[in-house]
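J.:
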Amino acid sequence: MGSEIDDAISFTDLEDEKENILPLRHGRSARILHEVLSSDADQLEIKINWFEDKLKNDIENKFNIYVEYINWLQESYFKGPNDFLLEVIERCLTSMKHEEQYRNDPRYLNIWLLYINSFFQDSMRDRRDIFIYMFRNKIANLLSLYFIEFSKLLLEMGNYNECHDFLMIGIQNHALPSGQLLNKINELEEFFQLNNISIDRNDNDSSLDHLLLKYGNILILNKDLKDILASKKLSDNISNENNNNNNKRKGNNNKKLEIRADNEDHGDSSSTKLDIFKDNWTNFETKASRLKENRSLVTPLQSNTIIEPMKQEAESIISNVAGPSSKISIFNDDIGRTKPVYKLVSIDGQKPERIDCNFNLIYSKDNEFSLEQLLATMTGCYNKSNKRKSNSSVEAQTGEVKKSKLNVDTEN
Amino acid sequence: MSFFPAPAVNTSGTFSTMANQTDLANDIVINNPAEDSISDIAFSPQNDFLFSVSSWDGKVRIWDVQSGTAQGRAQYEHSGPVLTTRWSSDGSTVASGGCDNTVKVFDVATSQSRQVGSHSGAIKSLRFVNCGPSNAECLVTGSWDKTIKYWDLRQPNPITTIMMPDRVYTMDNKSQLLVVGTAERHIAIINLNNPGTIFKATQSPLKWQTRVVACYNEGDGYAIGSVEGRCAIRYVDDEMQKKSGFSFKCHRQSNPNRAAGSQNQSLVYPVNSIAFHPVYGTFGTAGGDGCFHFWDKDHRHRLKGFPSLQASIPVVNFNRTGSIFAYALSYDWHQGYTGNTPNYPNVIRLHPTRDDEVKEKRKK
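Okay, here's the thing in structure tokens:
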């Protein structure tokens, strides 16, 4: 076994688990996969506990441990739900946020980018909000990679002006390495030319200001906007000033409420979806607490299973919400109506006959009823006649009837 | 040498022919002639185009199709569903009976209706008959109270009451023959020369419930229709019965969507009504399958079969010359209430008969 590892990894060992291995952008080491797969789950637990202990004890070295921890989790903790990775990343991001020395550490930025790209792939809006959050908190605001990644997203969203302007802000901030930023701007302008996209370049400065205002990083009266907003008292004044500075909304404010459309991306900081970014953005909410969505349980896939539409475990999920679940019966017009009833008659040597007549009705209770009698019974006039019959039976006992009855008897 | 019209020539060796929808295209259609199912249709013996219709909605309506379209002429009411109606031989009076147990007559000239008498059960069938030595016309009514009663329309009490073996389901008469079909497959034959007694009590040769009896024009026999899609051709005279009596299957179809490999079954429907052509002596039958057929009992073959109209035919009748064959499409309750739907058709159709349909075909 040892020699096998030394030479090459047998993929047959990985075959059974390949569906359960989360792909990484930069690929995975087959060796580590093999090691993890051949080791017990206990060993992973031990390692996790080791990291956690280290985090608690070695406060000086916290960030380095986090980086190591996250890298290790990515490589080795691929089985089962990656919620744990998410949790660790969020822990790391929040605890390191206020550490000045890491704000522009490329490793810290990488963790942010890992966070954005791994867990918010399906929502451009969420991704943008996180970038804005980083911008406001001055995280990685001196790193070109941040501006490049954000402008990439803005380009994806079709905000060409902002995309370009944002790279410009990066240059204004003297983000490093500046060569990358310049290359990116040239690339972008080339792209605009090729696709006949025109952007406003005339009032470059004002558009930059606008963008800065929009993303909330501007100094007003030598104070950070976030500081001003953080103090609740002044918030109203600030929003007025905010409007004054905002050309688009100037004069509009008192007349009509503006109808907010999701797609239009003008507006102010309130266009960010999340409350945390609006006033008290020093708080950082975890993804789970923000989304507040029900999630289905993630379980490892057995090999050679056919992936069918997910089986709805209605009981376990619904019962949490609505208490004891009982099935709702679906209304059916046929309830209470029976299918036509046929009488099967088979005679030797002949084709069997299926009589389209409900013999249960016409021969019920050892009595024979004609179809008309059945209908009369249904409409309620047969019972009436029966009553009359019993009432009048006495008066019907005339001699004449008796005589006739005798006749019948003799004939028989 | 053949006198047959073209459709009669077919290769199967039988005389029966199937009609198609175009043969029904000339029918006069009366949609929704009543608010409930039709129970009986009777033509005036004096007028080709006048007929009365009784219905479960408790009304008797008199229609006139002289103009080619049906026009209502009169109507009167019972206090319950009406099950039967007939005309007096002079065409002046319409009689009816039903679930209110009463016999009513309606004077066509004055449009006045009055009650003649009553039974202690619903009146299922009635006929105007000429009976006794005097050959006087009187009304005979058959009821679920297991009696038949003879009425002189001028008197409130019946002339005679005769106990029947069971509830009267059906009754018919021609000349001196009165045949009563009751529950439990009893058949009572009465010779109207001696109307007070049952001339012969017998049982239906058919296995299941009797739906209808109809007398031959000659008055020497009767046909019985039953719920199991059979007709029995019967003669009163035993010798004649031995020679000419028979029964045959009708109103049935091979199950078209039978599962592969399963045994073939006939899907069978009740025979609801039989009517004899007043001139040719042939007869029409109608059933729960929505079909009606014309038959020749003497040559034992079907003259013409008509396609299903997709609704039960509860009753059929010829007019006095046999030029019109009237039939109703209404739910006949053969599947109980489960078979009933709000949009079940309720229609009377008047089929102008052609000789090739109803006239007996001569032997080659």
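Protein sequences appear in the order of chains A and B.
Here the first sequence is numbered in our numbering, starting from 1 and rising by one per residue.
Here the second sequence is numbered in our numbering, starting from 1001 and rising by one per residue.
We put the CB at the ideal spot given by N, CA and C, even for glycine.
For the stretch 1214-1264 of chain B, list the beta strand (DSSP E) runs that are entirely contained and at least 3 residues long, ordered along the chain.
T.: Counting only runs of 3 or more, we get 1221-1226, 1230-1235, 1246-1249 and 1252-1254.
J.: List, in chain order, every chain A residue whose beta-carbon is nearer than 7 Å to that of leucine 1178(B).
T.: Working through the second sequence from its first residue, we reach residue 1178(B) at position 178. Neighbours of leucine 1178(B) on chain A: none; closest Cβ ~14 Å, over 7 Å.
J.: In the DSSP assignment, the beta strand (DSSP E) including phenylalanine 1329(B) goes from what residue to what residue?
T.: Within the second sequence, the letter at position 329 stands for residue 1329(B). What sits at residue 1329(B) in the sequence shown is leucine, not phenylalanine. Counting along the chain, the beta strand (DSSP E) containing leucine 1329(B) begins and ends at 1324-1329.
J.: Does the beta-carbon of threonine 1102(B) have 16 or more other beta-carbons within 10 angstroms, so that it is buried, or is it exposed?
T.: Against the second sequence, residue 1102(B) aligns to sequence position 102. Answer is buried; the Cβ neighbour count reaches 16.
J.: In the stretch 1298-1353 of chain B, which residue ranges form an unbroken beta strand (DSSP E) of at least 3 residues, counting only runs that do not cross its ends?
T.: 1301-1305, 1316-1318, 1324-1329 and 1347-1352, all fully within the stretch 1298-1353 of chain B.
J.: Drop a sphere of 10 angstroms on the beta-carbon of lysine 184(A), count the other beta-carbons inside from all chains shown, and report buried for 16 or more, exposed for fewer.
T.: Along the first sequence, read from residue 1 onward, the residue named residue 184(A) stands at position 184. Counting Cβ neighbours within 10 Å, lysine 184(A) comes out buried, since at least 16 surround it.
J.: Find the residues of chain E that neighbour aspartate 1332(B), judging by a C-beta separation of less than 8 Å, and give them in chain order.
T.: Among the protein chains in the structure shown, which are A and B, there is no chain E.
J.: Measuring only between beta-carbons, confirm whether glutamate 368(A) sits less than 8 Å from chain B.
T.: Translated into the one-based positions of the first sequence, residue 368(A) becomes position 368. Chain B contact via Cβ: present.
J.: Taking tyrosine 146(A) as the reference, give the member of Arg128(A), Tyr160(A) and Ser29(A) with the closest Cα.
T.: Numbered from 1 along the first sequence, position 146 holds the residue referred to as residue 146(A). Comparing Cα-Cα distances from tyrosine 146(A) to each of Arg128(A), Tyr160(A) and Ser29(A), the minimum goes to Arg128(A).
J.: Within 8 Å of any Cβ in chain A, is that where the Cβ of proline 1081(B) sits?
T.: For this step, residue 1081(B) is matched to residue 81 along the second sequence. Closer than 8 Å to some Cβ of chain A, the Cβ of proline 1081(B) qualifies, so yes.
J.: Within the chosen definition, does the stretch 1349-1363 of chain B reach the stretch 1320-1338 of chain B through at least 3 CB pairs nearer than 8 Å?
T.: With a cut-off of 8 Å, the stretch 1320-1338 of chain B and the stretch 1349-1363 of chain B count as touching, because enough Cβ pairs lie within range.
J.: Relative to the C-alpha of aspartate 1057(B), which residue among Cys1099(B), Gln1203(B), Asn1020(B) and Thr1017(B) is closest?
T.: On the second sequence, residue 1057(B) is found 57 positions in, with the first residue counted as 1. The shortest C-alpha separation from aspartate 1057(B) is found at Cys1099(B).
J.: Can you give me the C-alpha to C-alpha distance between leucine 33(A) and asparagine 71(A), rounded to a whole angstrom?
T.: Taking the first residue of the first sequence as position 1, residue 33(A) is located at position 33. Taking the first residue of the first sequence as position 1, residue 71(A) is located at position 71. Spanning the two alpha carbons is a distance of roughly 14 Å.
J.: Taking Cβ-Cβ distances shorter than 8 Å, what residues in chain B pair up with aspartate 356(A)?
T.: Sequence index remark: in the first sequence, residue 356(A) carries index 356 (1-based). Within chain B, the residues near aspartate 356(A) are Leu1267, Val1268, Tyr1269, Pro1270, Gly1288, Asp1289, His1334 and Gln1335.
J.: To the nearest angstrom, how far is the alpha carbon of tyrosine 1344(B) from that of proline 340(A)?
T.: Position 344 of the second sequence, counted from the start, is the residue given in the question as residue 1344(B). Position 340 of the first sequence, counted from the start, is the residue given in the question as residue 340(A). Approximately 15 Å between the Cα atoms of the pair.
J.: Can you tell me whether tryptophan 112(A) is helix, strand or coil according to DSSP?
T.: As a working mapping, residue 112(A) is identified with position 112 in the first sequence. Reduced to three states, the DSSP call for tryptophan 112(A) is helix.
J.: Measuring straight from C-alpha to C-alpha, what distance separates valine 1347(B) and leucine 1024(B)?
T.: Against the second sequence, residue 1347(B) aligns to sequence position 347. Against the second sequence, residue 1024(B) aligns to sequence position 24. Going from the Cα of valine 1347(B) to the Cα of leucine 1024(B) covers about 14 Å.
J.: Asparagine 358(A) and glutamine 1335(B): beta carbons closer than 8 Å?
T.: On the first sequence, residue 358(A) is found 358 positions in, with the first residue counted as 1. On the second sequence, residue 1335(B) is found 335 positions in, with the first residue counted as 1. Cβ distance < 8 Å, so asparagine 358(A) and glutamine 1335(B) count as in contact.
J.: Can you list the alpha helix (DSSP H) stretches of 4 or more residues lying completely in the stretch 134-170 of chain A, in chain order?
T.: Runs of the alpha helix (DSSP H) inside the stretch 134-170 of chain A: 144-157.
J.: With 8 Å as the threshold, decide whether the Cβ of asparagine 1264(B) is near any Cβ in chain A.
T.: Your numbering for residue 1264(B) matches position 264 in the second sequence. Answer yes: the Cβ-Cβ gap between asparagine 1264(B) and chain A drops below 8 Å somewhere.
J.: Are any of the Cβ atoms in chain A nearer than 8 Å to that of glutamine 1112(B)?
T.: Residue 1112(B) sits at position 112 when you count from the first residue of the second sequence. No, because no Cβ of chain A sits closer than 8 Å to the Cβ of glutamine 1112(B).
J.: At the 8 Å Cβ level, is proline 340(A) part of the contact set with chain B, yes or no?
T.: Position 340 of the first sequence, counting from 1, holds the residue named residue 340(A). Interface residue, yes.
J.: Locate the alpha helix (DSSP H) running through methionine 96(A), then write down its first and last residues.
T.: By one-based count along the first sequence, residue 96(A) stands at place 96. First-last of the alpha helix (DSSP H) with methionine 96(A): 83-96.
J.: Identify, in the order they occur along the chain, each residue of the same chain with its Cβ nearer than 6 Å to the Cβ of asparagine 244(A), setting aside the five sequence neighbours on each side.
T.: One-based indexing of the first sequence puts residue 244(A) at position 244. Reliability of the predicted coordinates at asparagine 244(A) is poor, the pLDDT of 49 falling under 50, and no value is obtained from them.
J.: Classify arginine 107(A) as helix, strand or coil using the three-state DSSP reduction.
T.: The residue you call residue 107(A) lines up with position 107 of the first sequence. In the structure shown, arginine 107(A) sits in a helix (DSSP, three-state: H, G or I).
J.: With a cut-off of 8 Å, does the C-beta of asparagine 1184(B) fall near any C-beta of chain A?
T.: Along the second sequence, one-based indexing puts residue 1184(B) at 184. Checking the displayed sequence, the identity of residue 1184(B) turns out to be glutamate instead of asparagine. Taking Cβ atoms only, chain A reaches closer than 8 Å to glutamate 1184(B), which makes this a yes.
J.: Please report whether the beta-carbon of tyrosine 1169(B) lies at a distance below 8 Å from any beta-carbon of chain A.
T.: Here residue 1169(B) is taken as the residue at index 169 of the second sequence, counted from 1. Closer than 8 Å to some Cβ of chain A, the Cβ of tyrosine 1169(B) qualifies, so yes.
J.: Distance check for threonine 377(A) and histidine 1293(B), CA to CA, integer angstroms please.
T.: The residue given as residue 1293(B) occupies position 293 in the second sequence. The residue given as residue 377(A) occupies position 377 in the first sequence. When rounded, the distance between both Cα atoms is 31 Å.
J.: Just mark glycine 27(A) as buried or exposed, buried being the case when its beta carbon has 16 or more other beta carbons within 10 Å.
T.: Walking along the first sequence from the start, residue 27(A) turns up at place 27. Exposed: under 16 other Cβ atoms inside 10 Å.
J.: For glycine 1339(B), which residues in chain A fall below 7 Å Cβ to Cβ?
T.: Residue 1339(B) sits at position 339 when you count from the first residue of the second sequence. Here the neighbours are Pro340.
J.: Can you list, in chain order, the residues of its chain with a C-beta nearer than 8 Å to that of asparagine 360(A)? Leave out the 5 residues immediately preceding and following it.
T.: Here residue 360(A) refers to the residue found at position 360 when the first sequence is read from its first residue. Taken in chain order, the residues that qualify are Val341.
J.: Comparing the C-beta of threonine 379(A) with each C-beta of chain B, is any distance below 8 Å?
T.: Start at 1 with the first residue of the first sequence, and residue 379(A) comes out as number 379. Yes, threonine 379(A) counts as interfacial toward chain B.
J.: What are the residues of the stretch 1121-1134 of chain B that lie near chain A, defined by any Cβ-Cβ distance shorter than 7 Å?
T.: Residues Gly1121, Ala1122 and Lys1124.
J.: Strictly below 7 Å CB to CB, what residues from chain A border glutamate 1360(B)?
T.: Here residue 1360(B) refers to the residue found at position 360 when the second sequence is read from its first residue. Within chain A, no residue comes near glutamate 1360(B); the closest Cβ sits about 28 Å away, beyond 7 Å.
J.: Please state whether the Cβ-Cβ distance between aspartate 1298(B) and glutamate 1218(B) is less than 8 Å.
T.: Locating residue 1298(B) in the second sequence gives position 298, counting from the first residue. Locating residue 1218(B) in the second sequence gives position 218, counting from the first residue. Against a cut-off of 8 Å, the Cβ pair of glutamate 1218(B) and aspartate 1298(B) comes out as no contact.
J.: Using C-beta distances below 6 Å, list every residue in its chain close to arginine 1185(B), excluding the 5 sequence neighbours before and after it, in chain order.
T.: Here the question's residue 1185(B) lines up with position 185 in the second sequence. Correct list, in chain order: Gln1203, Ser1204 and Thr1210.
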